[in-house]
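Here's the structure, in structure tokens; my notes come after.
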Amino acid sequence: MNYFILLSVLATVVTGKSPRLKFIVHEPPRFHFNKPENYISMYHQEGSDTLYVGGQAMIYVLTFSDKKVVDMKIPAASDQTAIDTCKAKASPDEMECDNFITVLQKVNDTFIVCGTNAGSPRCWMLVNETVLTDVQGGGMIAPASHISPPFPSQKSINLPADGSLYSAMSSVGGHVGSIRRTFGSQKLLKTENIWLLSPQFAGASIIPASEKYKEEIYFFFTEFNKTARVDEEPYRARIGRICTVDEGGIKALLADSWTTFMKARVMCGAGNTQQQYNNMKQAVVLTAQDKRAGVMYGLFSNAWGRTVVCAYSIEDIDRAFSNSKLKGYSSSFSGSRPGMCERKGPSADSQNNIKNLGVIRYYPEIEDVIRPVGVNPLDLPTDDQITHAVADIVLAVNDEHYTVLYLGTGTCAHLCVKMMRVATCVTFRLESF
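Read in order, the letters of the sequence shown correspond to residues -16 to -1, 1 to 417 in mature numbering (1 follows the signal peptide of the UniProt record, and there is no 0).
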């Protein structure tokens, strides 16, 4: 990715699967990188004109206006010892023996920056939005290797929520993959190794609730399917869930692990047929401000490289996690249902009930399968391979709110305005080049 383009288009859209209006955007404000940036991370605060972009040994601070882009560069190089060690170990690619910025996140007033540091991850604080300093004070922080991958090709997800940072690390090589709380005043927690089978993470989202203690975080990923038959794909799509109030178990069981982690299988395809898309590439979520409602859009692919988008109801997902039987478990629960979000305090004793902790430890998966709204994938305006998806809710000139999907392909960006609960789209096509 060698440059950014700021698109500003005012258009009338028409119905139909094939876009009937095409726009070529000429010379919008853009920033040209002086070298190729094959791996980037970004941070943007809502309402701000400034975008932070993490690249190779550099942080770009870009301030956009209607006419130009003002840029500032903050160097973030690896130390030479780390580079030499990386090259001596024969990393996945010698070109990755540098400091690729993988994390740019604000947690309360702390701006956390982490990078690969040539295979030996390291974190800093960005002070006054201009200077990198070592992390110190302001709460607990996990080792940098739990926040940033050692190499940029390893997918990771970082999400700030309620003064804490949550990090999901995909599996690669000898790294098993994990979901952790990595920064903040709450106890730092992790997943047990048996809960995730070579996960590849696609996204994460805060799921709000009317009562703060019931707030959850969903993690979307694909993992290895150890029970796959010879005619099945060797992976399945999943949703993992934890509660933000989770403070871990007792000394004897799950002391430093989640006590609320649960996971469910996600299906995307043609009903109950064998035509399923099991590899979740990306997930985006739109939710209400203070209640557990909304929709999750998942970008999936199959073994032949074909891509589709499926939409899921957050209410349906929540209902499944709250009511489904646990896979492989048939006994009764001791007290309240294991894995539920509960207030901290003397009355919240079920989290520390050894039997219930044992249930979560060995039976975190629910039986119910999460299926898309309308059963099938969305009826998309393109058969091209989709590489990225972004969703938003916009206010139109008729004072109606519409859900908008921006679907990126290798040649252009497609826009799908989702009009109804079931896939009905009004579309137009944006030609960027």
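Cβ atoms here follow ideal geometry from the backbone N, Cα and C, with glycine treated the same way.
For clarity, every value in this text was computed on a predicted model and none was experimentally measured.
Can you give the Cα-Cα distance for residue i and residue j, rounded to whole angstroms?
{"i": "Arg213", "j": "Tyr347", "result": "22 Å"}
{"i": "Ser320", "j": "Glu199", "result": "18 Å"}
{"i": "Gly158", "j": "Ala380", "result": "49 Å"}
{"i": "Ser129", "j": "Phe205", "result": "20 Å"}
{"i": "Ala193", "j": "Gln273", "result": "8 Å"}
{"i": "Glu176", "j": "Ser308", "result": "22 Å"}
{"i": "Leu270", "j": "Ile163", "result": "22 Å"}
{"i": "Gly161", "j": "Lys51", "result": "44 Å"}
{"i": "Ile289", "j": "Phe305", "result": "The sequence shown places Gly at residue 289, rather than the Ile named in the question. Each residue's Cα considered, the two are about 31 Å apart."}
{"i": "Pro13", "j": "Gln259", "result": "43 Å"}
{"i": "Ile226", "j": "Met246", "result": "7 Å"}
{"i": "Asp376", "j": "Ile338", "result": "43 Å"}
{"i": "residue 421", "j": "Tyr261", "result": "A question about residue 421 goes unanswered here, because the residues of the chain that appear run from -16 up to 417."}
{"i": "Ser315", "j": "Leu237", "result": "20 Å"}
{"i": "Ser132", "j": "Asn382", "result": "44 Å"}
{"i": "Gly278", "j": "Ile223", "result": "15 Å"}
{"i": "Ile201", "j": "Val53", "result": "35 Å"}
{"i": "Gly312", "j": "Arg345", "result": "12 Å"}
{"i": "Ile43", "j": "Thr100", "result": "13 Å"}
{"i": "Arg249", "j": "Met264", "result": "11 Å"}
Would you mind sorting residue i into buried or exposed? The rule is 16 or more other CB atoms within 10 Å of its CB.
{"i": "Ile85", "result": "buried"}
{"i": "Ile125", "result": "buried"}
{"i": "Gln64", "result": "exposed"}
{"i": "Ser32", "result": "exposed"}
{"i": "Glu351", "result": "exposed"}
{"i": "Pro20", "result": "exposed"}
{"i": "Gln89", "result": "buried"}
{"i": "Ala152", "result": "buried"}
{"i": "Met251", "result": "buried"}
{"i": "Ala373", "result": "buried"}
Can you tell me where the alpha helix (DSSP H) holding residue i begins and where it ends?
{"i": "Val37", "result": "Per DSSP, Val37 belongs to no alpha helix (DSSP H); it is in the beta strand (DSSP E), 34 to 38."}
{"i": "Arg345", "result": "338 to 346"}
{"i": "Ala66", "result": "64 to 72"}
Which stretch, first to last residue, makes up the beta strand (DSSP E) that contains residue i?
{"i": "Asp118", "result": "115 to 118"}
{"i": "Leu270", "result": "263 to 271"}
{"i": "Ser306", "result": "Per DSSP, Ser306 belongs to no beta strand (DSSP E); it is in the alpha helix (DSSP H), 298 to 307."}
{"i": "Trp108", "result": "106 to 111"}
{"i": "Thr94", "result": "94 to 99"}
{"i": "Ser151", "result": "148 to 153"}
{"i": "Gln259", "result": "Element bounds for Gln259: n/a, residue is neither H nor E."}
{"i": "Ile191", "result": "184 to 191"}
Residue i: beta carbon under 8 Å from a heavy atom of the ligand GDP?
{"i": "Lys174", "result": "As presented, the structure is devoid of all ligands, the ligand GDP included, so that no description of it is given."}
My understanding is that residue i touches residue j, with C-beta atoms under 8 Å, so please give their C-beta distance in whole angstroms.
{"i": "Val91", "j": "Leu110", "result": "Rounded, the Cβ-Cβ distance is 12 Å, inconsistent with contact."}
{"i": "Ala102", "j": "Asp118", "result": "Ala102 to Asp118, Cβ: 17 Å. No contact."}
{"i": "Gln266", "j": "Ala186", "result": "5 Å"}
{"i": "Phe95", "j": "Asp55", "result": "Contact doesn't hold; Cβ gap of about 18 Å is too wide."}
{"i": "Leu341", "j": "Thr243", "result": "6 Å"}
{"i": "Leu149", "j": "Thr166", "result": "5 Å"}
{"i": "Ser155", "j": "Pro127", "result": "Contact flag wrong, Cβ pair sits at about 18 Å."}
Would residue i pass as an interface residue toward chain B - the criterion being a Cβ-Cβ separation below 9 Å?
{"i": "Cys107", "result": "In the structure shown, chain B does not exist; there is a single protein chain."}
Inter-stretch contact at 8 Å, needing at least 3 Cβ pairs: the stretch 13 to 26 / the stretch 34 to 44 | yes
Is there contact here, the stretch 169 to 183 with the stretch 225 to 232, by at least three beta-carbon pairs under 8 Å?
-> yes
Segment contact flag, the stretch 385 to 393 with the stretch 364 to 371, C-beta cutoff 8 Å, min 3 pairs = yes
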